[in-house]
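S.K.:
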Ligand code: ADP
Ligand code: MG
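In UniProt numbering, the protein residues as written are 4 to 325.
1. Using beta-carbon positions only, say whether residue 170 and residue 164 come within less than 7 Å of one another.
2. Quick check on the burial criterion: 16 or more other C-beta atoms within 10 angstroms. Buried or exposed for residue 202?
3. With distances taken from each beta carbon to the nearest heavy atom of ligand 3, which residues come in below 6 Å, in chain order?
4. Please return the same chain residues whose Cβ sits closer than 8 Å to the Cβ of residue 34, not counting the five positions on each side in sequence.
5. Who are the Cβ neighbours of residue 296 in its own chain at under 6 Å, not counting the five residues just before and after it?
6. Under the three-state reduction of DSSP, which class applies to residue 66: helix, strand or coil?
7. Straight-line CA distance for residue 205 to residue 70?
8. Taking Cβ to Cβ, would you say residue 101 is nearer than 7 Å to residue 45?
9. Taking the Cβ atom as the reference point for each residue, do residue 59 and residue 107 lie within a distance shorter than 7 Å?
10. Is the beta carbon of residue 158 less than 7 Å from the beta carbon of residue 94?
11. Indicate whether the contact test is met: 3 or more Cβ pairs, each with one atom in the region 228 to 235 and one in the region 247 to 257, closer than 8 Å.
12. Do three or more CB pairs link the region 145 to 154 to the region 68 to 82 at distances below 8 Å?
13. With a CB to CB cut of under 6 Å and the five nearest residues on each side skipped, what residues in its chain are close to residue 316?
14. List the DSSP bridge partners of residue 174.
15. If residue 199 and residue 213 are in contact, beta carbons under 8 Å, what's the gap, nearest whole angstrom?
16. So, under 8 Å CB-CB, residue 273 and residue 215 are touching, yes? Tell me the CB distance rounded to an integer number of Å.
17. Per DSSP, which one or two residues make a beta bridge with residue 252?
18. Using a 10 Å radius around the Cβ and a threshold of 16 neighbouring Cβ atoms, would you call residue 30 buried or exposed?
19. I'd like the list of long-range same chain contacts for residue 267, defined as Cβ closer than 7 Å, with 5 residues on each side in sequence excluded.
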């Protein structure tokens, strides 16, 4: 399928998809069994494939928004999912349907819910789990960046888990704001949730892959402290906190956090995008590898077992340390 709208392509939207968009009613193939989430333009419902009994998440995306035809944006979200199909850290697209109102993306089901729940819970995750989840997030982000894609809406609500307890593997979802880099045009106008977006977005400065790494820093902060680093009492105050990089590391919340964790977060929450480490550079940070032996080995990020980018192992130890 090719997108006619040139403006869409100019704005970094992808127009080509492979998954057929079926016009038959999805209710004849799936039974809808509940609601999983809801956003401004989308509802996500739990559904069961009748033929197999398998559970999926169906994201109903409204085609008309604010009186405008937004089908191109929805097709774009689908195309980005397809572009990341080989990476297991990105939620898999199973099928697509179209009704008068919506395009429905039938997605792999992440049964463990949002990592957000682990950021606001009384009981925070042990750091060994947090570092594993951050490593997996970085694997996904690295894959996207290698494909010249930026997510631009990474936050604890858009990082899901395959199982809740013990926490399973992460799945990155919600590619509504994702863009292909290098396209000319309106890459400046995209606005995520103020609490989680980088200063360059608030200042309408150019967006790069570094924008996503800011968000990884915010997510890591929230997982280790249970608090949102920039949230103010109102939007105004939050904006100010972000653009001044007003982060407090000395507070009570950090009393039980390792020094390596603080170092990792400090390297990401810096104002100048070019001073933030890349996803690949982050993967070599010692915080991410210190407690890995406490956990069982994890499967490779590859879905297919081949051509899915980098396989990460701990950086070699400094012989001086021994
Ligand atoms: P929006 O664009 O409205 O934010 P999302 O794609 O982020 O839509 O989905 C909204 C919420 O629905 C998510 O935060 C999550 O709680 C839930 N959700 C989305 N996709 C899945 C999935 N594949 N499995 C389980 N829950 C999901
Ligand atoms: Mg979302």
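Ideal Cβ positions, reconstructed from N, Cα and C, are used throughout, including at glycine.
M.R.: Per the coordinate set shown:
1. Mapped onto the chain shown, residue 170 falls at position 167. Mapped onto the chain shown, residue 164 falls at position 161. Going by C-beta atoms, residue 170 is nearer than 7 Å to residue 164.
2. Taking the first residue of the chain shown as 1, we reach residue 202 at position 199. Result: buried.
3. Among the ligands present in this structure, namely ligand 1 and ligand 2, ligand 3 is not found.
4. What you label residue 34 is simply residue 31 of the chain shown in a count that begins at 1. For residue 34, where only same-chain residues beyond five positions count, the Cβ hits under 8 Å are 50, 51 and 53.
5. Against the chain shown, residue 296 aligns to sequence position 293. Interpretation of residue 296 is limited by its pLDDT of 49, a score under 50 that renders its predicted location unreliable; the figure taken from the coordinates is listed afterwards. In its own chain, leaving out the 5 sequence neighbours on each side, no residue places its CB closer than 6 Å to the CB of residue 296.
6. As a working mapping, residue 66 is identified with position 63 in the chain shown. Here residue 66 sits in coil by DSSP.
7. Locating residue 205 in the chain shown gives position 202, counting from the first residue. Locating residue 70 in the chain shown gives position 67, counting from the first residue. Distance between the alpha carbons of residue 205 and residue 70 is about 26 Å.
8. Here residue 101 is taken as the residue at index 98 of the chain shown, counted from 1. Here residue 45 is taken as the residue at index 42 of the chain shown, counted from 1. In this structure, residue 45 does not lie closer than 7 Å to residue 101 by Cβ.
9. On the chain shown, residue 59 is found 56 positions in, with the first residue counted as 1. On the chain shown, residue 107 is found 104 positions in, with the first residue counted as 1. At a Cβ-Cβ threshold of 7 Å, residue 59 and residue 107 do not count as neighbours.
10. Translated into positions along the chain shown, residue 158 becomes position 155. Translated into positions along the chain shown, residue 94 becomes position 91. No, Cβ-Cβ distance for residue 158 and residue 94 is not below 7 Å.
11. Cβ pair count under 8 Å is three or more, so yes.
12. Taking 8 Å as the limit for Cβ pairs, the verdict is that the region 68 to 82 does not touch the region 145 to 154.
13. The residue given as residue 316 occupies position 313 in the chain shown. Excluding positions up to five away in sequence, the list is empty.
14. The residue you call residue 174 lines up with position 171 of the chain shown. BP columns for residue 174 point to 163.
15. In the chain shown, counting from the first residue as 1, residue 199 sits at position 196. In the chain shown, counting from the first residue as 1, residue 213 sits at position 210. In this structure residue 199 does not touch residue 213 by the C-beta definition: roughly 15 Å separates them, more than the 8 Å allowed.
16. If you number the chain shown from 1, residue 273 lands on position 270. If you number the chain shown from 1, residue 215 lands on position 212. With 8 Å as the limit, residue 273 and residue 215 do not qualify as a contact, their Cβ atoms being about 14 Å apart.
17. Taking the chain shown and counting its residues from 1, one reaches residue 252 at position 249. Residue 252 pairs with nothing; no bridge assigned.
18. As a working mapping, residue 30 is identified with position 27 in the chain shown. Exposed is the call here.
19. Taking the first residue of the chain shown as 1, we reach residue 267 at position 264. The beta carbon of residue 267 sits closer than 7 Å to those of 223, 288 and 290, all from its chain and outside the five residues before and after it, given in chain order.
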